[in-house]
Each structure stands twice: as structure tokens, then as C-alpha cells.
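Numbering (the numbering used here), first residue to last: 350 to 641.
Following: one structure in C-alpha cells, then a few remarks.
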């Protein structure tokens, strides 16, 4: 990929979803017609989740990071939420910025949102980066996520911090980079409890397995070796269901690998963009239809 100048400061925008929910985001435009990538953050984080990764991505790539509904500076409508709505929100962001299609990369909850987007808006997705995520949390997921939602509602969101911190990062990383750990804690504590609980319940009922076998796009799956929130077995199951998926297991990393191992995640997303370019060139030369 050629190296062009990307706007490092970014430009903030406000998109409006189908139901009127206002979605706040930032776009980092490259000065060319290079690849386009949308980044979708993890549960209870916001678009700043991607800050340390953005500068590691190819500078000819235009990037969008946004706050999901119920998170950050975006509106926090009353629940219930559905993963299908989160997928439609991503499409609304693309509509607002005028991108017909893009690659999409999401972490944890964000990965579920990008999968929903890919299955609902097939012509608009060029490829997927699925980071520390899953297509289905399992048979016990509704009860497990309900328990987490109720704990936040009844005991306050701070009651979840000890549980969250030990899932996010390895002990070694927490000791080596306490500032990043504290920054995540601060973002987590700022969440609206009702929106957080609605999102938890949404994830408990999310099941995106059925249509994955028909995805005809490059997909890079990335997971921390020590991730027990969405463990390696879940990533392997997704890889088996998606025809054109690769899998990268990052040693000595847990659930928030874009923060714990940004160089590796950036390298994987760069490879994804290269796979998309290769696939696009092959499709153009053969005249075959794409994923739409």
C-alpha cells in the first residue's frame, strides 16, 4: 500500500440511525482513494478504545471510529437493544459519511455488531476483522449476561470492576501499564447503567451463527491466547463457520488485545486490507460478482 497522509486529528461527526438515535463518531480521512475501515469498540468502552491502534494502521487507509448506541457520547435510548439494530447503526454511519462500503473491525461486542452488519448489509462490507469476539456466547449466555446486568442495576456499575479488570488484561500487562488499565476503568465507570444493562442482555441473546457460511469476504479473526471472555475455542468455531477466515492467536494476551497487543492487531488488520485489495483485483479481472 502506498503511504499517504491521513488526518491524524480526525473530524467529529454525528450520524442518525433509523430510529433517530444520534451516533457520534470521528473520521480520519486519507488524502487518496485508499481502503476504508470502520472500527467498533468493546462493551462499555467508546471510540477512544482504538486510539493507539489508529496510528499503527496504513496511512493510506481512511478510518472511522464511533461510539455505539448506549455508549460514549452517542444517545442512550431505552432498551431492549438487539444486535441487528447495532448492525444497522453501522450502516447509518456509512450513509452519513458517504461510503458505499468498507471493511469493518470490531472488538468483543463490536465484533458482534460487525457480524450483524455483514449479514444484513452484504453489499456494503468489504471484509471483517473479528477481534476477541464470538458469533454466539453459548447456551448459558442469556442467564450469565442477565446476572451481569442485574448486578450493575442493583449494586452499581463499580461493583463489576474487579471482575472486568481481570478479564481485560493479563496480570503482567496490568503491572506494566497501569495507566491504560485505569483509563479503561474510568471509561467503564462513566457508563449509563440502563444502557449497559440493555447491552448485556442483547449480547446474551445474540446468535449470528446461521448465515456465516455464506459470507464471501476476507475475514481475519484475532484472539488473545488467555482470553476467557471469548476464548480461543469460540474463535476456532467461527473460523470453521466462515469459509475465508484466518485465525491469529496472540500469546500472553487476554480480552482487549487492541490495547494489550496493538502492534499484532494492527498487523492483522493491515493484512486484512491487503487481502481485500487482492480479492477486489481478482474479482475485477474475472468479472465475478462480489459479496453482494
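Built from N, CA and C at the ideal position, the CB exists for glycine as well.
Note that the coordinates shown come from a computational prediction; the quantities given were computed from them, not determined experimentally.
Next item on the list: Report the residue from 458, 624, 510, 525 whose alpha carbon sits nearest the alpha carbon of residue 609.
Entry: Your numbering for residue 609 matches position 260 in the chain shown. Taking each of 458, 624, 510, 525 in turn and checking the Cα distance to residue 609, the smallest one comes out for 525.
Notebook entry, point to check: Is residue 528 buried or exposed, if buried means 16 or more other CB atoms sit within 10 Å of its CB?
Noted result: As a first step, residue 528 must be located in the chain shown, where it is residue number 179. By the neighbour-count rule (16 or more Cβ atoms within 10 Å), residue 528 is not buried but exposed.
Next item on the list: Report buried or exposed for residue 592, applying the criterion of at least 16 other Cβ atoms within 10 angstroms of its Cβ.
Entry: Here residue 592 is taken as the residue at index 243 of the chain shown, counted from 1. Exposed, because fewer than 16 other Cβ atoms sit within 10 Å of the Cβ of residue 592.
Check: DSSP state of residue 448, grouped into three classes?
Finding: Numbered from its first residue, the chain shown carries residue 448 at position 99. Three-state DSSP puts residue 448 in coil, outside helix and strand.
Checklist line | Among 473, 426, 405, 403, the one whose alpha carbon lies nearest that of residue 368 | finding: Here the question's residue 368 lines up with position 19 in the chain shown. If we check each option's Cα against that of residue 368, 426 comes out closest.
Note to self: In the DSSP assignment, the alpha helix (DSSP H) including residue 591 goes from what residue to what residue?
What the structure shows: In the chain shown, counting from the first residue as 1, residue 591 sits at position 242. Looking at the DSSP string, residue 591 is not in any alpha helix (DSSP H), and its letter there is neither H nor E.
Check: So what's residue 374 in DSSP terms, helix, strand or just coil?
Finding: As a first step, residue 374 is located in the chain shown; it is residue number 25 there, counting from the start. Shown here, residue 374 sits in a strand according to DSSP, grouped into three states.
Notebook entry, point to check: Less than 8 Å separating the beta-carbons of residue 512 and residue 530?
Noted result: Position 163 of the chain shown, counting from 1, holds the residue named residue 512. Position 181 of the chain shown, counting from 1, holds the residue named residue 530. Not a contact, by the Cβ cut-off of 8 Å.
Next item on the list: Report the three-state DSSP secondary structure of residue 391 (helix, strand or coil).
Entry: Residue mapping note: residue 391 aligns to position 42 of the chain shown, counting from 1. Coil, per DSSP.
Check: Buried or exposed: where does residue 406 fall if 16 or more other Cβ atoms within 10 Å of its Cβ makes it buried?
Finding: Residue numbering aside, residue 406 sits at position 57 when the chain shown is read from its first letter. Only buried fits residue 406, as 16 or more other CB atoms lie within 10 angstroms of its CB.
Check: Should residue 351 go down as buried or exposed, given a rule of 16 or more other Cβ atoms within 10 Å for buried?
Finding: The sequence position of residue 351 within the chain shown is 2, counting from 1. Low confidence applies here, because residue 351 scores a pLDDT of 42, under 50, leaving its location unreliable; read the following figure in that light. By the C-beta density criterion, residue 351 is exposed, having fewer than 16 other C-beta atoms within 10 angstroms.
Next item on the list: Helix, strand or coil for residue 642, going by three-state DSSP, please let me know.
Entry: What the structure shows of the chain is the stretch from 350 to 641, and residue 642 is not part of that stretch, so it cannot be assessed.
Checklist line | 7 Å CB neighbourhood of residue 581 in its chain, flanking five on each side removed | finding: Within the chain shown, residue 581 is the residue found at index 232, counting from 1. So the qualifying residues of the chain are 572, 574, 598.
Check: Near residue 402, which residues of its chain fall below 7 Å by C-beta distance, leaving aside the five closest residues on each side in sequence?
Finding: Against the chain shown, residue 402 aligns to sequence position 53. Same-chain partners within the cutoff: 607, 611, 614, 615.
Notebook entry, point to check: Does the distance from the CB of residue 550 to the CB of residue 485 come in under 8 Å?
Noted result: Indexing the chain shown from 1 puts residue 550 at position 201. Indexing the chain shown from 1 puts residue 485 at position 136. One thing to note: residue 550 has its Cβ no nearer than 8 Å to the Cβ of residue 485.
Check: Considering residue 553, what are the terminal residues of the alpha helix (DSSP H) in which it resides?
Finding: In the chain shown, the residue the question calls residue 553 occupies position 204. From DSSP, the alpha helix (DSSP H) with residue 553 extends over 542-554.
Notebook entry, point to check: Excluding five sequence neighbours on each side, which residues of the same chain lie with their C-beta closer than 8 Å to the C-beta of residue 429?
Noted result: As a working note, residue 429 is residue 80 in the chain shown. Hits under 8 Å: 547, 550, 551.
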